[in-house]
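**Student:** For the protein sequence lines, the chains are A and B, in the order given.
For the first sequence, my numbering assigns the number 7 to the initial residue and increments by one for each residue that follows.
For the second sequence, my numbering assigns the number 210 to the initial residue and increments by one for each residue that follows.
For each residue, glycine too, the CB sits at the ideal point set by N, CA and C.
I have a structure here, written as structure tokens, and I will follow up with some questions on it.
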Amino acid sequence: MNLIIIFISAALINNFVLIQFLGICPFVGVSKKMDSAVSMGLAVTFVMVISAAVTWLIYNLILEPTNMQILEYVSFILVIASLVQLVEMFIKKVSKPLYDSLGIFLPLITTNCAILGLALISVLREYSFIQSVVFAVGAGVGFTLALVIMAGIREELELAPVPKHFKGAGITMIIAGCLGLAFMGFSGLI
Amino acid sequence: MSKKKVTLIQEFLKGIWKENPILISLLGLCPTLAVTVSAENGLAMGLAATFVVISSSIIVSMLRKIIPSEVRIASFIVIIATFVTIADRFLAAYFPDISSSLGPFIPLIIVNCMILGRQEAFASKNGIGRSFLDAFGVGLGFTLVLVLLGTIRELFGSGTIFGIQVMWDSFHPWAVMILPPGAFLALGLMIGASNWLNELGEKK
Numbered sequence: 007m008n009l010i011i012i013f014i015s016a017a018l019i020n021n022f023v024l025i026q027f028l029g030i031c032p033f034v035g036v037s038k039k040m041d042s043a044v045s046m047g048l049a050v051t052f053v054m055v056i057s058a059a060v061t062w063l064i065y066n067l068i069l070e071p072t073n074m075q076i077l078e079y080v081s082f083i084l085v086i087a088s089l090v091q092l093v094e095m096f097i098k099k100v101s102k103p104l105y106d107s108l109g110i111f112l113p114l115i116t117t118n119c120a121i122l123g124l125a126l127i128s129v130l131r132e133y134s135f136i137q138s139v140v141f142a143v144g145a146g147v148g149f150t151l152a153l154v155i156m157a158g159i160r161e162e163l164e165l166a167p168v169p170k171h172f173k174g175a176g177i178t179m180i181i182a183g184c185l186g187l188a189f190m191g192f193s194g195l196i
Numbered sequence: 210m211s212k213k214k215v216t217l218i219q220e221f222l223k224g225i226w227k228e229n230p231i232l233i234s235l236l237g238l239c240p241t242l243a244v245t246v247s248a249e250n251g252l253a254m255g256l257a258a259t260f261v262v263i264s265s266s267i268i269v270s271m272l273r274k275i276i277p278s279e280v281r282i283a284s285f286i287v288i289i290a291t292f293v294t295i296a297d298r299f300l301a302a303y304f305p306d307i308s309s310s311l312g313p314f315i316p317l318i319i320v321n322c323m324i325l326g327r328q329e330a331f332a333s334k335n336g337i338g339r340s341f342l343d344a345f346g347v348g349l350g351f352t353l354v355l356v357l358l359g360t361i362r363e364l365f366g367s368g369t370i371f372g373i374q375v376m377w378d379s380f381h382p383w384a385v386m387i388l389p390p391g392a393f394l395a396l397g398l399m400i401g402a403s404n405w406l407n408e409l410g411e412k413k
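Below, the structure written as structure tokens:
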């Protein structure tokens, strides 16, 4: 039951993008087309789950017993950076078109605050191993959901008469605000 | 150096308006949106990020001939992470209230694309003096937008500025402004307004 609550809370109620503001850069950058939004969401989810597992092990098996928590940030970011490199090589080998469509945003997953934020929040809340993995899956689903909804709206938006100065980033922010309001409605779920 | 003509003062000023990290380049949006519940938080976040961007720019600029280009991003991130750890410990020791209200967003300065962007685009190619000015300008531009956004949200969301009551008594706070959606709405309007101002400036 506890695990279900963690999952729903990460995916919907405290949606990583719309409520906690983690991972805004790819959210604005990659949400123009539906296909790239879906694959970006999946890539981020994948990196999130693995990095949550690895950083949990590093923190609880190495840093805590040796009292080296001060190295938390440095070691987490190194783990994430090398994982992203790995995923990048993997996607390049398996699917070249996907690799091309993600472009610069693939290496930039390293600087996606959602991933480091996830690892840090897991430590802060003292989640167990299983809990942090479930938390990561929930966060990934929430990220993908927000990205896909946004991409759907932005595809329609191409045809809408948006005021000149609000084209691009301005209107995206305002739509995200409206989506955030909608997602706040989920807070009654638990 | 290709841009020898750019004077030192321009190097400093461009970060504040023309290449403002938030309004123009849309970098570092996550902390911008998350911490600007009040002007005070915005200021603390802005100063912490400015400290990190200046110190890491200086170090990166000093080491720019030693760092191999294949591993430069990883090296930059480790340098940034070190300074963020310093800033985080400092805030936790001297300003525990601010530190706890900013929460995980202090360590998240590490992955602030604005800071990494400056290292990649500027400090790794320029001398120490110019890198310092560039980082200082960008940091100041970042701080200004954060304080402005924090002030707007605090003014409408709780009727105060820096904790001091400014709105009249019967003013009913717009709770949405200090909730997450308010951040998106306020920043969207600010981006629109800055585009409009830029256009006005060009017409003259």
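#1: Can you give me the C-alpha to C-alpha distance between ALA120/A and VAL80/A, rounded to a whole angstrom?
#2: What are the residues that DSSP puts in a beta bridge with THR416/B?
#3: So, does the region 146-158 of chain A touch the region 28-41 of chain A, judging by three or more C-beta pairs under 8 Å?
#4: Is GLN328/B buried or exposed, if buried means 16 or more other CB atoms sit within 10 Å of its CB?
#5: Can you name, in chain order, every residue of its own chain whose Cβ lies under 6 Å from the Cβ of ARG273/B, other than the five neighbours on each side?
#6: Please tell me whether ALA248/B and VAL356/B are closer than 7 Å, where the distance is taken between their beta carbons.
#7: For ASP297/B, does the count of other Cβ atoms within 10 angstroms reach 16, so buried, or fall short, so exposed?
#8: Where does LEU122/A land, buried or exposed, given buried means 16+ other C-beta within 10 angstroms?
#9: Give the DSSP-derived three-state secondary structure of GLN26/A in the structure shown.
#10: In this structure, does DSSP put TRP226/B in helix, strand or coil?
#11: In angstroms with no decimal places, state the Cα-to-Cα distance between VAL143/A and THR51/A.
#12: Straight-line CA distance for ILE387/B to GLY29/A?
#13: With DSSP as the reference, label HIS381/B as helix, strand or coil.
#14: Looking at the C-beta of PHE135/A, does it have a partner C-beta in chain B at a distance below 7 Å?
#15: Quick one: Cα of ILE218/B to Cα of ALA257/B, how far?
#16: Under the three-state reduction of DSSP, which class applies to LYS98/A: helix, strand or coil?
#17: Using a beta-carbon distance cut-off of less than 9 Å, what residues from the region 378-395 of chain B approach chain A?
#18: Quick check for students: name the residue ranges of the beta strand (DSSP E) that lie wholly in the region 129-194 of chain A, counting only runs of 3 or more.
#19: Kindly indicate the opening and closing residues of the alpha helix (DSSP H) around TYR303/B.
#20: Taking 7 Å as the threshold (beta carbon to beta carbon), is GLY183/A in contact with chain B?
#21: For SER37/A, name the three-state secondary structure that DSSP assigns.
#22: Identify whether PRO71/A lies in helix, strand or coil by the three-state DSSP scheme.
#23: Under a Cβ-count criterion, where at least 16 other Cβ atoms within 10 Å of its own Cβ denotes burial, should LEU112/A be classed as buried or exposed?
#24: Return the residues of the region 227-259 of chain B that lie within a Cβ-Cβ distance of less than 7 Å from chain A, sorted by chain order.
#25: Would the region 353-373 of chain B count as touching the region 300-315 of chain B if we require 3 or more Cβ pairs under 8 Å?
#26: Within the 7 Å Cβ cut-off, does TYR79/A reach chain B?
#27: Under three-state DSSP, which class holds ASN20/A?
#28: So with Cβ pairs under 7 Å, would you call MET156/A a contact of chain B?
#29: Going by the beta-carbon positions, is the gap between ALA17/A and VAL147/A smaller than 7 Å?
#30: Just the C-alpha distance for GLU411/B and LYS223/B, rounded to the nearest angstrom, thanks.
#31: In chain order, what residues of the region 309-341 of chain B put their CB closer than 7 Å to some CB of chain C?
#32: Please check if any C-beta of chain B sits within less than 7 Å of the C-beta of PHE234/A.
#33: If we ignore side chains and look at the alpha-carbon of each, how far apart do PHE260/B and GLY348/B end up?
#34: State buried or exposed for LYS212/B, treating a residue as buried only when at least 16 other CB atoms are found within 10 Å of its CB.
#35: For GLU58/A versus LEU124/A, is the C-beta distance shorter than 7 Å?
#36: Please state whether the Cβ-Cβ distance between SER284/B and ILE276/B is less than 7 Å.
**Tutor:** According to the structure data:
#1: Locating residue 120/A in the first sequence gives position 114, where the first residue counts as 1. Locating residue 80/A in the first sequence gives position 74, where the first residue counts as 1. Roughly 16 Å separates the two Cα atoms.
#2: A query on residue 416/B cannot be resolved here, the shown segment of chain B reaching from 210 to 413 and no further.
#3: yes
#4: Counting from one through the second sequence, the residue named residue 328/B turns up at place 119. The residue in question, GLN328/B, is buried, as its Cβ has 16 or more Cβ neighbours within 10 Å.
#5: One-based indexing of the second sequence puts residue 273/B at position 64. Taken in chain order, the residues that qualify are SER333.
#6: Locating residue 248/B in the second sequence gives position 39, counting from the first residue. Locating residue 356/B in the second sequence gives position 147, counting from the first residue. Yes, these two residues count as a Cβ contact at 7 Å.
#7: Indexing the second sequence from 1 puts residue 297/B at position 88. So ASP297/B counts as buried.
#8: The sequence position of residue 122/A within the first sequence is 116, counting from 1. By the neighbour-count rule (16 or more Cβ atoms within 10 Å), LEU122/A is buried.
#9: Position 20 of the first sequence, counted from the start, is the residue given in the question as residue 26/A. Looking at GLN26/A - three-state DSSP - the assignment turns out to be coil, as it is neither helix nor strand.
#10: Against the second sequence, residue 226/B aligns to sequence position 17. Coil.
#11: Position 137 of the first sequence holds residue 143/A. Position 45 of the first sequence holds residue 51/A. Approximately 7 Å between the Cα atoms of the pair.
#12: Within the second sequence, the letter at position 178 stands for residue 387/B. Within the first sequence, the letter at position 23 stands for residue 29/A. Taking the straight line joining both Cα atoms gives about 20 Å.
#13: As a first step, residue 381/B must be located in the second sequence, where it is residue number 172. If DSSP states are grouped into helix, strand and coil, HIS381/B belongs with coil.
#14: Walking along the first sequence from the start, residue 135/A turns up at place 129. So no, PHE135/A is outside the interface.
#15: Numbered from 1 along the second sequence, position 9 holds the residue referred to as residue 218/B. Numbered from 1 along the second sequence, position 48 holds the residue referred to as residue 257/B. Cα to Cα, the separation comes out at about 23 Å.
#16: Here residue 98/A corresponds to residue number 92 of the first sequence, with the count starting at 1. Helix at LYS98/A.
#17: VAL385, LEU388, PRO389, PRO390, GLY391, ALA392, PHE393, LEU394 and ALA395
#18: none
#19: Residue mapping note: residue 303/B aligns to position 94 of the second sequence, counting from 1. From DSSP, the alpha helix (DSSP H) with TYR303/B extends over 281-303.
#20: Your numbering for residue 183/A matches position 177 in the first sequence. Yes, because at least one Cβ of chain B sits closer than 7 Å to the Cβ of GLY183/A.
#21: The sequence position of residue 37/A within the first sequence is 31, counting from 1. Correct three-state label for SER37/A: coil.
#22: On the first sequence, position 65 is the one that residue 71/A refers to. Three-state result, PRO71/A: coil.
#23: Numbered from 1 along the first sequence, position 106 holds the residue referred to as residue 112/A. LEU112/A comes out buried.
#24: LEU235, LEU238, CYS239, LEU242 and ALA243
#25: no
#26: Locating residue 79/A in the first sequence gives position 73, counting from the first residue. Judged by the 7 Å Cβ criterion, TYR79/A is in contact with chain B.
#27: Translated into positions along the first sequence, residue 20/A becomes position 14. ASN20/A: coil per DSSP, three-state reduction.
#28: Walking along the first sequence from the start, residue 156/A turns up at place 150. So no, MET156/A is outside the interface.
#29: As a first step, residue 17/A is located in the first sequence; it is residue number 11 there, counting from the start. As a first step, residue 147/A is located in the first sequence; it is residue number 141 there, counting from the start. Yes, the Cβ-Cβ distance between ALA17/A and VAL147/A is below 7 Å.
#30: The residue given as residue 411/B occupies position 202 in the second sequence. The residue given as residue 223/B occupies position 14 in the second sequence. Those two C-alpha atoms are separated by around 16 Å.
#31: Of the chains in the structure shown, none is chain C; the protein chains are A and B.
#32: Residue 234/A cannot be examined here, being either before or after the span of chain A that is shown, 7 to 196.
#33: One-based indexing of the second sequence puts residue 260/B at position 51. One-based indexing of the second sequence puts residue 348/B at position 139. Each residue's Cα considered, the two are about 8 Å apart.
#34: For this step, residue 212/B is matched to residue 3 along the second sequence. Its pLDDT being 48, under 50, LYS212/B is placed unreliably in this model, and the value from its coordinates should be taken loosely. Classification of LYS212/B: exposed, given that the 10 Å Cβ count is below 16.
#35: The residue you call residue 58/A lines up with position 52 of the first sequence. The residue you call residue 124/A lines up with position 118 of the first sequence. Sequence inspection shows Ala at residue 58/A; the Glu mentioned does not correspond to that position. Taking 7 Å as the Cβ cut-off, ALA58/A and LEU124/A qualify as a contacting pair.
#36: Stepping through the second sequence from its first residue, residue 284/B is reached at position 75. Stepping through the second sequence from its first residue, residue 276/B is reached at position 67. Yes, they are a contact pair.
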